[in-house]
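One structure is given below, encoded as structure tokens.
Residue numbers (the working numbering): 125 to 465.
Here is the structure:
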């Protein structure tokens with residue numbers, strides 16, 4: 125450690141789709157989890173939003189990578205470079221002498237194996253993390269939305285991210301029953317890609333499918349007054365390669381993602397099945413909390429409420445719940461040390 129080194133504290137939600145970093149109680153980085161590398165030297169060209177703009181548009185000398193798949197690190201070296209690049213953004217605009225040592229709290233999927241946890245810890249340590257703490261995402265999300273996780277009371281969190289859906293029942297500062305499935309936002313995106321190809325004969329990229337999901341994605345075929353306008357998709361015909369213009373309505377998308385939403389419903393039901401009766405009674409009374417980007421899908425809370433007969437609440441800031449919770453845990457490391465790994 126150099127003479128001018130100092131310790132900086134950051135909390136990170138290392139997500140499949142987006143990485144969020146909190147420093148000094150503020151969200152300082154909220155960028156897509158994408159990195160662009162030079163194929164010849166393996167040096168980083170861009171990270172975050174700039175790299176996402178290059179995604180699926182590169183020539184042979186540049187490769188754009190999403191280092192996380194299904195909530196876990198798929199490309200160790202790219203993940204390390206991405207973390208370094210995003211951490212550098214925290215320091216941009218500040219005059220620093222020497223590089224800071226980092227004390228980090230990172231949100232990880234609750235279904236992670238020891239090998240996957242080790243991979244996250246190693247990546248963080250290689251990116252200058254000195255003290256690295258890992259906290260399970262549903263626990264961080266619960267803290268982030270203001271639930272008293274230490275209370276002798278059952279609360280259920282459903283955190284739908286890009287690569288995994290984390291379902292956990294929390295009581296007395298621990299996870300009583302949990303279900304982590306590798307079905308989430310990315311699966312919905314690939315459903316839409318496959319549907320557009322099969323139904324409309326139009327080729328759409330992953331990014332275009334994501335835009336369709338954001339603009340007309342729905343878990344219900346009847347949204348009433350909240351129905352979005354049709355979204356016009358431009359792309360090449362799969363057979364003739366001629367340009368096509370296809371208007372897509374939300375009912376179509378609701379049908380095409382129905383099976384994936386059903387998988388999330390079943391995962392919630394199986395987590396409830398494993399819940400002790402006393403905690404189950406608390407959950408019925410308190411409702412179930414939806415966090416993560418998937419919570420923003422139109423009609424999802426209503427569909428789950430109707431299916432499971434327990435009220436589902438969408439968190440106030442679902443995209444940042446895990447990061448906010450990791451930030452609170454970082455400020456109170458001693459108090460929440462029993463939650464860290």
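We put the beta carbon where it would ideally sit given N, CA and C, even for glycine.
In whole angstroms, what is the alpha-carbon distance linking residue 349 and residue 356? Looking up residue 349 in the chain shown gives position 225. Looking up residue 356 in the chain shown gives position 232. Between the alpha carbons of residue 349 and residue 356 lies a distance of about 20 Å.
Would you tell me roughly how many angstroms separate the C-alpha atoms of residue 207 and residue 364, rounded to the nearest one? Taking the chain shown and counting its residues from 1, the one referred to as residue 207 is at position 83. Taking the chain shown and counting its residues from 1, the one referred to as residue 364 is at position 240. The C-alpha of residue 207 lies about 42 Å from the C-alpha of residue 364.
Hey, would you say the C-beta of residue 288 is under 6 Å away from at least one heavy atom of the ligand ADP? This structure simply doesn't include the ligand ADP, nor any ligand for that matter.
Beta-carbon of residue 171 versus every beta-carbon of chain B: anything under 7 Å? Note that chain B does not occur in the displayed structure, where there is just one protein chain.
Per-residue DSSP class, three states only, for residue 398: Along the chain shown, read from residue 1 onward, the residue named residue 398 stands at position 274. Coil.
Three or more C-beta pairs under 8 Å: does that hold for the segment 384-404 against the segment 276-296? Contact holds: three or more Cβ-Cβ distances are below 8 Å.
Assuming residue 200 is part of the alpha helix (DSSP H), what are its boundary residues? The sequence position of residue 200 within the chain shown is 76, counting from 1. Looking at the DSSP string, the run of the alpha helix (DSSP H) that includes residue 200 is 200-215.
Taking all protein chains shown into account, decide if residue 276 is buried (16 or more other Cβ within 10 angstroms of its Cβ) or exposed. As a working mapping, residue 276 is identified with position 152 in the chain shown. It counts as exposed.
Grab the span of the alpha helix (DSSP H) containing residue 374 for me, first residue to last. As a position in the chain shown, residue 374 is number 250, starting the count at 1. Taken as a continuous stretch (DSSP letters only), the alpha helix (DSSP H) holding residue 374 covers 374-380.
Along the chain, where does the beta strand (DSSP E) containing residue 262 start, and where does it finish? Position 138 of the chain shown, counted from the start, is the residue given in the question as residue 262. Counting along the chain, residue 262 falls outside any beta strand (DSSP E), though it belongs to the alpha helix (DSSP H) covering 261-268.
Supposed close pair residue 288, residue 195 - CB separation, criterion 8 Å: Residue mapping note: residue 288 aligns to position 164 of the chain shown, counting from 1. Residue mapping note: residue 195 aligns to position 71 of the chain shown, counting from 1. Residue 288 to residue 195, Cβ: 3 Å. Contact.
Would you check if there are 3 or more beta carbon pairs closer than 8 Å linking the segment 454-464 to the segment 368-380? With a cut-off of 8 Å, the segment 368-380 and the segment 454-464 do not count as touching, because too few Cβ pairs lie within range.
Could you spell out where the beta strand (DSSP E) holding residue 450 opens and where it closes? Here the question's residue 450 lines up with position 326 in the chain shown. Under the DSSP assignment, residue 450 falls outside any beta strand (DSSP E), being part of the alpha helix (DSSP H) whose first and last residues are 445-455.
Given that a residue counts as buried once 16 or more other Cβ atoms are within 10 Å of its Cβ, and exposed if not, what is residue 256? Reading the chain shown from its first residue, position 132 is the one you call residue 256. It is buried - the Cβ of residue 256 has at least 16 other Cβ atoms within 10 Å.
For residue 184, does the three-state DSSP call read helix, strand or coil? Numbered from 1 along the chain shown, position 60 holds the residue referred to as residue 184. In this structure, residue 184 counts as coil in the three-state DSSP scheme.
Return the bridge partner residues of residue 176 from the DSSP annotation. In the chain shown, residue 176 corresponds to position 52, counting from 1. BP columns for residue 176 are empty, so no partner.
Where does the unbroken alpha helix (DSSP H) through residue 239 begin, and where does it stop? By one-based count along the chain shown, residue 239 stands at place 115. In the DSSP assignment, residue 239 falls within the alpha helix (DSSP H) that extends over 238-250.
Measure the C-alpha to C-alpha separation of residue 135 and residue 264 and round it to an integer number of angstroms. As a working mapping, residue 135 is identified with position 11 in the chain shown. As a working mapping, residue 264 is identified with position 140 in the chain shown. Those two C-alpha atoms are separated by around 11 Å.
Compare the Cα-Cα distances from residue 240 to each of 144, 279, 192 and report the closest residue. Looking up residue 240 in the chain shown gives position 116. Of the candidates 144, 279, 192, 192 places its Cα closest to the Cα of residue 240.
Tell me, to the nearest whole angstrom, how far the beta carbon of residue 251 is from that of residue 211; I am working on the premise that it is less than 8 Å. Sequence index remark: in the chain shown, residue 251 carries index 127 (1-based). Sequence index remark: in the chain shown, residue 211 carries index 87 (1-based). About 6 Å separates the beta carbon of residue 251 from that of residue 211, a gap short enough to meet the 8 Å contact definition.
Let me check one thing: in DSSP terms, what residues is residue 358 bridge-paired to? Your numbering for residue 358 matches position 234 in the chain shown. 369, per the DSSP bridge assignment.
Quick one: Cα of residue 338 to Cα of residue 266, how far? Locating residue 338 in the chain shown gives position 214, counting from the first residue. Locating residue 266 in the chain shown gives position 142, counting from the first residue. In this structure, the alpha-carbon of residue 338 lies about 25 Å from that of residue 266.
Look at the alpha carbon of residue 213 and the alpha carbon of residue 390, and state the distance between them as a whole number of angstroms. For the purposes of this step, residue 213 is taken as the residue at position 89 of the chain shown. For the purposes of this step, residue 390 is taken as the residue at position 266 of the chain shown. Between the C-alpha atoms of residue 213 and residue 390 there is a straight-line separation of about 40 Å.
Give the straight-line distance between the Cα atoms of residue 418 and residue 373, rounded to the nearest whole angstrom. Stepping through the chain shown from its first residue, residue 418 is reached at position 294. Stepping through the chain shown from its first residue, residue 373 is reached at position 249. Spanning the two alpha carbons is a distance of roughly 19 Å.
C-alpha gap between residue 340 and residue 235, whole angstroms: Within the chain shown, residue 340 is the residue found at index 216, counting from 1. Within the chain shown, residue 235 is the residue found at index 111, counting from 1. When rounded, the distance between both Cα atoms is 30 Å.
In the structure shown, what three-state DSSP assignment does residue 433 receive? Position 309 of the chain shown, counted from the start, is the residue given in the question as residue 433. The answer is coil: DSSP assigns residue 433 none of H, G, I, E or B.
Residue 460, DSSP secondary structure in three states: Taking the chain shown and counting its residues from 1, the one referred to as residue 460 is at position 336. DSSP places residue 460 in coil when its eight states are reduced to three.
Between 352, 328, 335, 301, which has its C-alpha nearest residue 309's C-alpha? Taking the first residue of the chain shown as position 1, residue 309 is located at position 185. The shortest C-alpha separation from residue 309 is found at 335.
Spatial neighbours of residue 327 in its chain, beta-carbon cut-off 7 Å, leaving aside the 5 residues before and after: The residue labelled residue 327 in the question sits at position 203 within the chain shown. Cβ neighbours of residue 327 beyond the five flanking positions: 321, 359, 360, 362.
Ignore the nearest five residues each way along the sequence and tell me which others in residue 411's own chain have a CB closer than 7 Å to its CB. Taking the chain shown and counting its residues from 1, the one referred to as residue 411 is at position 287. Excluding sequence neighbours, residue 411 sits near 434, 435, 436, 437.
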